Amino acid sequence: MEERYQPKKIEGKWQRIWEENESFRVGEDPKLPKYYLLEMFPYPSGRIHMGHVRNYSIGDVIARYKRMRGYNVLHPMGWDAFGLPAENAAIERGIHPAKWTSENIAYMRDQLKKMGFSYDWRREFATSDESYYRWEQLFFIEMFQRGLAYKKLSTVNWCERCQTVLANEQVEGGRCWRCEEEVGVRELEQWFFRTTAYAEELLRDLDRLTGWPEKVRTMQRNWIGKSVGAEIIFPFVGRDGSLNVFTTRQDTIYGATFLSLAVEHPLALELPQGTSQQGIVRGFVERMKKVSQARRGTEEVEKEGVFTGAYCLNPFTQEKIPVYLANFVLMEYGTGSVMAVPAHDQRDFEFARKYDLPIRVVIQPQGQTLKPEEMTEAYVEDGVMAASGPFSGLPSAEGREQIANYLEEKGWGKKDIRYRLRDWGISRQRYWGAPIPILYCDSCGMLPVPESELPVILPRDVEFSGEGGSPLAKLPEFFLTTCPKCGGPAERETDTMDTFVESSWYFARYASPDEDRRPLDKARVAYWLPVDQYIGGIEHAVLHLLYARFFTKALRDLGWLKLDEPFTNLLTQGMVIKDGAKMSKSKGNVVDPDFLIERYGADTARLFTLFAAPPEKDLDWSDHGVEGAHRFLSRLWRFAGQHRQALLGVAPDLDPPGLPPGLAALRRLVHRTIKKVTDDIEERFHFNTAIACVMELFNALSLAAREGSATAEGASLIRAGLEAILVLLYPFVPHVASELWESLGNRRSLEEIPWPEYSAEALQEEALLIVVQVDGRVRGKITVSADASDEQIETEALAHPKIQGYLQGKSVRRVIQVPRRLVNIVLEG
RNA sequence: GCGAGAGUGGCGGAAUUGGCAGACGCACUAGACUUAGGAUCUAGCGGGUAACCCGUGGGGGUUCGAGUCCCCCCUCUCGCACCA
């Protein structure tokens, strides 16, 4: 055994052993409880970063721990391999995306292996593999046939830099989630997945995801954005038809003094025809359309509008009210038109003040009477209905209910529910993605590629000009084909799928990655799914995590899955921060995992990232902290080396007879540490405190060993303590733990060793330290035997000389005792 | 603006149920060993010179007892942001 801790010499050895023994290979075993642990798979960008190291270190602790607890653990890894950076590399450096991707994968796979993560590598795949995306194409076709995938012309988010469309979820604060370019709009024929068909279920099932952070559930709830209200019909005055509006505040209908339309509304230009407003409206619409949607979405723009010349009838008041265009009304939400109640909606209030429109108070707050001319802002809370005909005097919540019913009785409208969630736009005008398996035939129209002709293979030989437009659209060999129905000429769809589609079902594919006749082997999927623990960054709260939930439900309805939710428990780990900012290339504050592994070893990298903060919090990078982690492992190594000879022939015994009191305390500490580490892992994944208490145990063990353990009992206990440390540390630092374990002459490897149990009996202290307070302040401590009664403890506490000093001349009012922990003596006055 | 979370030594963080605030680690200080120390070991390490007092963003409250519970305020981070 080397005297110095040299991780490089041992880490490779253990990684080889794990690989040769296929230590982490798993299959279905109905006799064992299964545990599916998954970390979000990486995009093969080139090399792993600290975020990956952290994510996968957290996962590996859980995987190894669960195996030790007797679970059959599925812990796979793969590659989210389609995506823009590969294509950009092709444009910028002339490397084919496939080559770039596979080279990156090879390098990163090697890095992950060097970290010692316990994956079942036999299940590895890349989503750019034909054997993967072919099944995605099958799903697409099945979804198309069920109306869950459809094509429509629509206004979409367009990223000029990425030269492609973005889904709503992929626009963050008006910017592209990937490159931060400001997002514009385009009118395009686009493929969509009908996520809205599952809006209600996606919302409802959030309540069942009790293993998810509340924050993520809230974000998804807000994203889905359910609004319960009513659609109300406002008939036009002087022309046929009506404007239908959606509102959640039908209780304010008597205060609706005008209507507002989005400038994109189909009637926007039609209504003013023949009125004097015609020219004004046209000018307004053109001016507004120039303001990008992105800007309108992010900044509060001054409210502006213009009268259309048209009027509608408020069905409740029978009043003729004007129809305006307003720049703040969104065409994409509701019906693109709203009833304006200035007194009770802030936007309408501002608008009405600006254009001098009537403000009518119809909801009065409890015990107050609002007057329109005195109001400085809208009153948007609930209250009591006023000036509302037969509904006056009703609480507004009840009024909402009654008005909604009344609407339906009268045929003036209906109850309605709207969602903010839109359908998922999945067309991408780029090359490096899964081709959408659709054909266009002049005579037969649009039709799916027959299943027998799948996959539609992404061709290799393409030109990467970077001039925009998909390379596939310039490749007649690809898109020219024949119609499977009539045999005539047909063209293929040249858009590819959003890469979030791949990550929406990869977790299911891991259950049967070798299945080559169908996407999923239902028996194996049934055994492994759902994922018991999923781990990844919070940044996917409403991207990947929402899409994957949708896809799971869709695949369930297509008969491929038998579950409602893919991820039972979710852990969102914090970011890695250095010098006050997220580690990123652009900030120039990255720490390279390769450097870390080379210099300190994988175990140190793992230990530091796990020790520095609990997983859900941000991790503040500290080079000194890394040194500290390395120093701890070095000390452990040295300790084992120094005592190795003395311990080699000794059987570990945590409870040898006749232990002197000092060593009995050590024995108790071993049990306490086992309990603490177990609880910290089991209950809340707080690895930092788990590691801290193993360090404490090691400190105590070092002290005990130094202070004489020459006896046989002492040696047995030292050995037992050291072994406990190695077993407890194994999930965190598996290489060094394995090496030291082996160096003690143990034949069975740590992979075969179960997680230690602690004994409740051994936790019992024979003496108790009781804190004594006077008036709530700590004034002394007493030691009593473990079987002392409350009365005895109280007597002893009162008798304590120091306490006596505080009692001089005062009388004791009462004594409060926390059994076996604390006595508080409360004095008079 | 709305919603969520956080604020504890010089730093990262602990205190899981209202019961010894600061575990563990880093940094720092002193000493030992040493040709040397950016190695290792030992000791110290919230503040106030001290019995003792003060101390968990600030102010109030509940309680025998509050980092922890309640009310008000401040600051920071994240998410959403004209969604009718």
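Under the working numbering, the first residue of the first sequence carries the number 42, and numbering increases by one thereafter.
A virtual CB, placed ideally from N, CA and C, is assigned to each residue, including glycine.
Note that the coordinates shown come from a computational prediction; the quantities given were computed from them, not determined experimentally.
With respect to the beta strand (DSSP E) encompassing residue i, which residues constitute its N-terminal and C-terminal limits?
| i | result |
| --- | --- |
| A427 | Looking at the DSSP string, A427 is not in any beta strand (DSSP E), and its letter there is neither H nor E. |
| D573 | 572-578 |
| G846 | Counting along the chain, G846 falls outside any beta strand (DSSP E), though it belongs to the alpha helix (DSSP H) covering 842-848. |
| W218 | From DSSP, W218 is part of no beta strand (DSSP E); its letter is neither H nor E. |
| L125 | Note, L125: premise wrong, no beta strand (DSSP E); alpha helix (DSSP H) at 125-134. |
| E360 | 360-367 |
| S757 | First-last for S757: 753-770, but that is the alpha helix (DSSP H), not the beta strand (DSSP E). |
| A872 | Residue numbering for the chain in the displayed model covers 42 to 870; residue 872 lies beyond these limits and cannot be assessed. |
If we ignore side chains and look at the alpha-carbon of each, how far apart do residue i and residue j end up?
| i | j | result |
| --- | --- | --- |
| E255 | R249 | 11 Å |
| V583 | N209 | 10 Å |
| A335 | H581 | Any answer about A335 is weak, because its pLDDT of 45 lies below 50 and its placement is not dependable; what the coordinates show is given next. Approximately 21 Å, taken between the alpha carbons. |
| G338 | G215 | Low local confidence applies: a pLDDT of 48 at G338 is under 50, so the model's placement there is unreliable, with the coordinate-based value given in what follows. So the alpha carbons of these two residues sit roughly 7 Å apart. |
| V572 | N610 | 8 Å |
| E442 | W601 | 41 Å |
| F652 | Q858 | 36 Å |
| Q319 | R328 | 14 Å |
| Q359 | A419 | 24 Å |
| F541 | P795 | 39 Å |
| R290 | G270 | 7 Å |
| K412 | W264 | 36 Å |
Name the two residues that bound the continuous alpha helix (DSSP H) containing residue i.
| i | result |
| --- | --- |
| Q186 | 171-186 |
| V867 | Per DSSP, V867 belongs to no alpha helix (DSSP H); it is in the beta strand (DSSP E), 863-868. |
| T730 | 728-747 |
| V566 | 563-569 |
| F390 | 387-396 |
| Y148 | 138-155 |
Out of the options, point me to the one whose CA is closest to residue i's CA.
| i | options | result |
| --- | --- | --- |
| R315 | G350, Y481, L809 | Correcting the residue type first, residue 315 is Gly in the shown sequence and not Arg. Measuring from the Cα of G315, the nearest candidate turns out to be G350. |
| G762 | A745, G375, T752 | A745 |
| K395 | Y365, I404, K412, K594 | Y365 |
| N198 | D151, V226, A438, Q407 | V226 |
| L637 | K628, F649, S627, K626 | F649 |
| A687 | L612, L785, K626, L770 | L785 |
| L452 | C217, P276, F592 | Residue 452 is actually Gly in this sequence, not Leu. When each option's Cα is compared against that of G452, the closest is P276. |
| L308 | N285, T289, Y295, G296 | N285 |
| A756 | L689, G157, S790 | L689 |
| E241 | E737, F234, S268 | S268 |
| I477 | C485, I467, G424 | I467 |
| G324 | E343, L153, H306, V347 | V347 |
| F82 | N96, Y76, M91, P74 | N96 |
| S852 | Y106, K623, E869 | E869 |
| I458 | E177, L244, E61, V382 | L244 |
| S195 | Q186, V206, S169, E228 | E228 |
| R861 | P436, G850, L809 | L809 |
| M118 | A130, G100, I811, A127 | G100 |
| E422 | P436, A428, E414, F432 | P436 |
| D696 | E724, A622, V777, R708 | R708 |
Secondary structure at residue i, three-state DSSP: helix, strand or coil?
| i | result |
| --- | --- |
| E80 | strand |
| F299 | strand |
| F673 | helix |
| V872 | Residue numbering for the chain in the displayed model covers 42 to 870; residue 872 lies beyond these limits and cannot be assessed. |
| W59 | helix |
| E543 | helix |
| V583 | coil |
| M487 | strand |
| A653 | coil |
| M538 | strand |
| L871 | Because residue 871 is not part of the residues shown, which for the chain are 42 to 870, the question remains open. |
| T522 | strand |
| M260 | helix |
| L480 | strand |
| T251 | coil |
List the residues that DSSP assigns as beta-bridge partners of residue i.
| i | result |
| --- | --- |
| D661 | I618 |
| G24 | A question about residue 24 goes unanswered here, because the residues of the chain that appear run from 42 up to 870. |
| G270 | D457 |
| F234 | A190, W465 |
| R818 | V815 |
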